[in-house]
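The structure appears below as structure tokens.
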Amino acid sequence: MTRKKVKLAFISNDCARKATFKKRKKGLIKKVSELSTLCGIDICAIIYSPYESQPDVLLDNHGVHRVLAQFKRMPEMERSKKMVNQESFIRQRISKASDQLKKQHKENREKEITQEINKRIDELKKTTAPPPPPQQVATPPPHVPIGNLFMQEQKSAVDLTMDAMQRPQWFTNWMNNPSDHQQMNSFGHGDEMMLLFCENNHNKMWSNAFFP
1 MTRKKVKLAF ISNDCARKAT FKKRKKGLIK KVSELSTLCG IDICAIIYSP YESQPDVLLD
61 NHGVHRVLAQ FKRMPEMERS KKMVNQESFI RQRISKASDQ LKKQHKENRE KEITQEINKR
121 IDELKKTTAP PPPPQQVATP PPHVPIGNLF MQEQKSAVDL TMDAMQRPQW FTNWMNNPSD
181 HQQMNSFGHG DEMMLLFCEN NHNKMWSNAF FP
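Note that full-length UniProt numbering has the sequence shown beginning at 1, numbered continuously upward.
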């Protein structure tokens, strides 16, 4: 069972206060004796109370005189080195608590800044639109080498030359002598020659030769 925490305040009831004094004094004497035995130090405690006419001494007279004499032989600076009164003790506690409070304020401020940054990052992630998917690039047409185009042009020129060489001799003479052409028209043979020309299927050669 957990011991109940005692409230540190003045006990207003006289009977309760006297009973508490006797109980606590026995516990203090026991603790002083244990501390002297465990740590090997000399301890002297003197207790004054309104309930007893004589003070209570936690050591015999010889021990008390020896401890007091040793304390008086110490230098003044060393005797007051760690000595505190109620005011100085409270000031030390206030200073320590102030340092702890400043440290806690700093840690809280850093946590607030970190939380605010994370909050802003989450908001930006929600509002920012995702990047568009990559567009499909059309495949470029196959590249035709310039050399192939040149060969095709040369082949077309050769075909035209061969067609001109394969024309009948009468057509060549007719083209070289336009006067014969007029005479033939006057004799009424122009239609027959034009019909023959059409029947021989030379329209393509005529178009290629004179209208490139």
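All C-beta atoms, glycine included, are put in the ideal place defined by N, C-alpha and C. On a predicted model such as this, the values are computed, not experimentally measured, just so you know.
State the CB to CB distance for the pair residue i and residue j, rounded to an integer number of angstroms; the pair is presumed to be in contact (CB under 8 Å).
i	j	result
Ile-29	Leu-58	6 Å
Cys-44	Leu-68	7 Å
Asp-42	Ser-36	7 Å
Asp-56	Lys-23	Wrong, their Cβ atoms sit about 14 Å apart, outside the cutoff.
Taking only beta-carbon atoms, is residue i less than 8 Å away from chain D?
i	result
Asp-56	This model lacks chain D altogether; it includes just one protein chain.
Kindly examine the ligand GDP and report whether one of its heavy atoms sits closer than 7 Å to the Cβ of residue i.
i	result
Lys-82	Absent from the structure shown: the ligand GDP. Ligands present: none.
Exercise. Entirely within the region 14-95 and at least 4 residues each: give me those alpha helix (DSSP H) ranges in chain order.
Key: 14-39, 61-73, 76-79
Exercise. May I ask you to verify whether the region 37-52 touches the region 75-82, counting CB pairs closer than 8 Å and requiring at least 3?
Key: no
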